[in-house]
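*Asks:* I'd like to ask some things about the structure below.
Numbering (the working numbering), first residue to last: -11 to 74.
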């Protein structure tokens, strides 16, 4: 097994720093790109439809931003973010 010298460790540390810097820049450029409103009715024969829509959206990269209770169920607000230029 080959042992790395100080010069090689320095290169690795420099690269780690650059990766961290790029990651931080990408996080600062996180922008909301799409918003979706999904109604989930609490009626027994309808709730599964809304539930499936919410699960499908989450599976496609959406995150739950907020939800509101209504007389007949809830409205779920979902958002999908993009990094960099939107």
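Even glycine gets a Cβ: it sits at the ideal position worked out from N, Cα and C.
1. Mapping the DSSP letters down to three states, classify residue 28 as helix, strand or coil.
2. With a 10 Å radius around its C-beta and 16 neighbouring C-beta atoms as the bar for buried, classify residue 66 as buried or exposed.
3. Among 0, 31 and 49, which one has its Cα closest to the Cα of residue 58?
4. For the beta strand (DSSP E) that contains residue 51, what are its first and last residues?
5. Indicate the three-state DSSP secondary structure (helix, strand or coil) for residue -9 in the structure shown.
6. In terms of alpha-carbon separation, which member of 51, 22 and 61 lies closest to residue 38?
7. If we count the other Cβ atoms within 10 Å of its Cβ and call it buried at 16 or more, is residue 45 buried or exposed?
*Replies:* A quick look at the data gives this:
1. Residue 28 falls in the strand class under three-state DSSP.
2. Residue 66 is buried by the Cβ-count criterion.
3. The candidate whose alpha carbon is nearest that of residue 58 is 31.
4. Looking at the DSSP string, the run of the beta strand (DSSP E) that includes residue 51 is 51 to 57.
5. Assignment of residue -9 by DSSP, reduced to helix, strand and coil, places it in the coil class.
6. Answer by Cα proximity: 61.
7. Buried, by the Cβ-count rule.
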